[in-house]
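Enquirer: A single structure is presented below for examination.
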Amino acid sequence: MLSEGWIKLYMEAWNGDESLVQSLAPLSGVVEYGILGTDHPHVQIEVKDGKILSAGKKGDKEADFVLESKADMWKKIAMGKQGVKTALVTKKIKFKGPLSLAMKLIGGLTNSLLLFGKVDTDWDV
81 MLSEGWIKLY
91 MEAWNGDESL
101 VQSLAPLSGV
111 VEYGILGTDH
121 PHVQIEVKDG
131 KILSAGKKGD
141 KEADFVLESK
151 ADMWKKIAMG
161 KQGVKTALVT
171 KKIKFKGPLS
181 LAMKLIGGLT
191 NSLLLFGKVD
201 TDWDV
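In my numbering, the protein residues as written are 81 to 205.
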């Protein structure tokens with residue numbers, strides 16, 4: 081989960097979902113994902129107009145948005161057992177960045193995190 085190979089598969093799934101790309105068209109910037117409570121490295125995607133341009137390990141680019149959660153919470157979100165908006169509000173997802181934009185794009189954000197469940201994921205980290 082959240083490995084360099086995984087995030088590249090995630091990019092393919094995201095970019096292959098035209099409705100997701102359209103719903104996140106106002107989004108441009110670097111998004112970083114991490115797993116709390118582990119030393120697992122973070123991964124990043126660079127998004128422009130809702131489409132991922134690049135994906136890989138956390139690099140030198142400073143993230144505009146950082147989303148961190150425990151592995152079991154990522155799994156619940158990916159399986160649709162935990163709402164994204166509720167997870168953000170209750171801080172089950174630690175979020176850094178403009179929360180107002182995240183809330184404006186909550187539908188697309190939710191669908192992007194549901195993709196975690198559509199990409200082959202090893203939940204044991």
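Just so you know, even glycine gets a beta-carbon here, dropped at the ideal spot from N, CA and C.
My understanding is that K110 touches E142, with C-beta atoms under 8 Å, so please give their C-beta distance in whole angstroms.
Expert: In the sequence under discussion, the amino acid at residue 110 is Val, which differs from the Lys named in the question. Correct: roughly 7 Å between the Cβ atoms.
Enquirer: Spatial neighbours of S108 within its chain, please: CB distance less than 7 Å, with the 5 preceding and 5 following residues excluded, ordered by chain position.
Expert: Answer for S108: V127, K128 and D129, listed in chain order.
Enquirer: With a CB to CB cut of under 6 Å and the five nearest residues on each side skipped, what residues in its chain are close to K150?
Expert: These residues qualify, in order along the chain: L116 and G117.
Enquirer: Just to check my reading of the structure: M91 and I125 have Cβ atoms closer than 8 Å, yes? What is that Cβ distance to the nearest angstrom?
Expert: With 8 Å as the limit, M91 and I125 qualify as a contact, their Cβ atoms being about 6 Å apart.
Enquirer: Quick one: measure Cβ to Cβ for E148 and G177, integer angstroms, because I've assumed they're closer than 8 Å.
Expert: That pair is no contact at about 12 Å.
Enquirer: If I measure Cβ to Cβ from G163 and keep anything under 7 Å in the same chain, skipping five residues before and after, which residues do I get?
Expert: Nothing meets the Cβ criterion.
Enquirer: Residues in its own chain within less than 6 Å of L193 by CB, not counting five upstream and five downstream?
Expert: Closer than 6 Å at Cβ, skipping near neighbours: I157 and V164.
Enquirer: Would V101 be called buried (16 or more neighbouring beta carbons within 10 Å of its own) or exposed?
Expert: By the 10 Å Cβ count, V101 comes out buried.
Enquirer: If G188 sits next to L104, beta carbons under 8 Å apart, how far is it from one beta carbon to the other, in whole angstroms?
Expert: Indeed, because the Cβ distance is near 4 Å, the residues count as touching under 8 Å.
Enquirer: Would you please state the rounded distance, in angstroms, between the beta carbons of V123 and I173? I believe it to be under 8 Å.
Expert: Incorrect: roughly 15 Å between the Cβ atoms, too far for contact.
Enquirer: Could you tell me whether the Cβ atoms of F145 and E112 are closer together than 8 Å?
Expert: Contact flag set, yes.
Enquirer: Excluding the 5 residues preceding and the 5 following A135 in the sequence, name in chain order all residues of the same chain whose CB lies nearer than 6 Å to its CB.
Expert: Here the set comprises I87, K88, M91 and I125.
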